[in-house]
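In my numbering, the protein residues as written are 140 to 573.
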């Protein structure tokens with residue numbers, strides 16, 4: 140345990156310095172890390188040895204960031220089929236690793252393996268964002284989750300890094316009571332959970348908490364939800380883009396720009412043909428991990444649609460900016476004419492109706508929409524139904540069947556994540572905004 144804390148102390152200064160490198164220094168660092176990763180993967184991971192040999196590639200062919208495009212994309216199906224023997228590093232001592240299971244929000248779960256050293260690195264990268272936003276080790280942070288966060292006993296006994304777990308299954312009313320009782324300085328939760336807390340507390344209750352900021356992750360954070368929560372709580376909402384496979388992919392600075400954690404990952408945005416798209420164009424996000432040698436991910440398709448920015452952030456960081464995470468590939472809806480509608484646009488149409496507390500839109504196989512809503516108090520359901528139907532038909536520029544159903548609660552499933560938009564309609568090609 141003492142050795143683990145020493146690792147934290149030794150690695151922390153470099154983790155903080157990385158984001159302030161010059162662009163040239165950043166590229167040089169990424170290319171060195173990429174060359175080491177590729178050489179390791181070819182020598183020690185059967186999947187990559189076969190893949191490179193089949194493509195006529197050798198690690199010496201991957202020298203620059205531009206060379207990375209020579210490596211075929213890795214899909215979740217490939218990882219699942221090859222786990223563990225083909226995907227894990229040969230000779231790996233599993234006792235020195237931790238295995239975590241992804242939420243499986245798209246339907247299939249995946250086990251992710253990383254060694255303890257990388258786990259330490261990932262935690263430091265999370266703290267890097269928090270410290271920049273104003274978090275201090277003596278601040279109490281509330282986590283609203285299905286499972287408690289990993290905590291370190293010794294610092295907690297010293298009154299440091301205090302994390303208060305609030306079960307997701309309690310629901311917004313009881314969660315609100317617990318927040319008021321424990322008085323955290325920061326609340327870390329899915330945006331849908333934070334939104335319901337804001338609705339339950341109201342502006343007077345939210346401002347009475349005197350929070351430093353809110354941390355949002357793991358779901359789509361819309362501009363409307365951010366604006367509403369910032370007004371209720373009187374503080375900023377900061378988002379991060381992360382997943383179990385990579386931990387930090389991107390994080391927001393105080394300017395609320397989403398920076399790629401470029402000392403941890405390389406992010407590319409591809410079109411349907413697999414070619415790189417320039418900044419400003421939306422496409423499939425693929426991610427390469429620079430640090431996890433136990434289970435290397437090289438050009439891994441994460442299942443999201445995003446846009447890189449060509450602009451530099453005024454904060455001065457060298458890390459690239461993700462202009463937008465548009466949504467998951469599977470969450471794009473299709474109009475009768477074949478046009479794709481991104482999830483954020485659909486969500487905006489319904490979340491801006493004050494009488495709707497929660498909702499879920501499902502596009503059925505025949506193209507029709509089933510909208511399930513949890514009303515905000517006593518409402519005139521027929522009027523709300525007509526408004527939702529009218530807004531969606533206007534958005535789709537077509538008259539289509541919209542079934543609106545009223546319920547008292549939405550099922551979050553085993554992950555606890557709320558999917559506002561779900562498409563069950565088959566499509567010949569993967570969704571892309573084109």
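Ideal placement from N, C-alpha and C gives every residue a C-beta, glycine not left out.
Please read these numbers as outputs of a predicted model, since none were measured by experiment.
Only residues of its own chain outside the window of five on either side were considered, and among them 417, 418, 419 have a CB closer than 8 Å to the CB of residue 449, listed in chain order. According to the DSSP assignment, residue 463 belongs to the beta strand (DSSP E) that extends over 460 to 467. The segment 527 to 543 and the segment 443 to 458 do not touch, with fewer than 3 CB-CB distances between them shorter than 8 Å.
Counted as a single uninterrupted DSSP element, the beta strand (DSSP E) harbouring residue 502 occupies residues 495 to 502. DSSP places residue 423 within a strand segment (E or B) once states are collapsed to three. Look at residue 183 here: in three-state DSSP terms it is helix. For the pair residue 203 and residue 170, the Cα-to-Cα distance works out to about 6 Å.
Here the alpha carbon of residue 186 sits roughly 35 Å from the alpha carbon of residue 148. With at least 16 other beta carbons inside 10 angstroms of its own, residue 228 counts as buried. Residue pairing of residue 312 in beta bridges, as defined by DSSP: absent, with no partner found. Counting C-beta atoms within 10 angstroms of its own C-beta, residue 270 has fewer than 16 neighbours from the protein chains shown and is therefore classed as exposed. Comparing alpha-carbon positions, the option among 434, 200, 272 lying closest to residue 217 turns out to be 434. DSSP places residue 228 outside both helix and strand once states are collapsed to three, so it counts as coil. The shortest CA-to-CA distance from residue 545 to any of 212, 225, 517, 361 is the one to 517. Taking C-beta atoms as the reference points, residue 510 and residue 498 count as a pair closer than 9 Å.
Out of 390, 314, 320, the CA that lies nearest to the CA of residue 332 is found in 314. Residue 513 is not a Cβ neighbour of residue 528, given a cutoff of 9 Å. Closest in alpha carbon position to residue 211, among 225, 192, 220, is 192. By the neighbour-count definition (other C-beta atoms within 10 Å, threshold 16), residue 354 is a buried residue. Secondary structure note for residue 379: it is in no alpha helix (DSSP H), and the uninterrupted beta strand (DSSP E) holding it is 375 to 382. DSSP, read as helix, strand or coil, puts residue 557 in coil.
Residue 164 and residue 374 have their alpha carbons spaced roughly 35 Å apart. The beta carbon of residue 267 lies closer than 7 Å to those of 154, 155 in the same chain, with the five residues before and after it left out.
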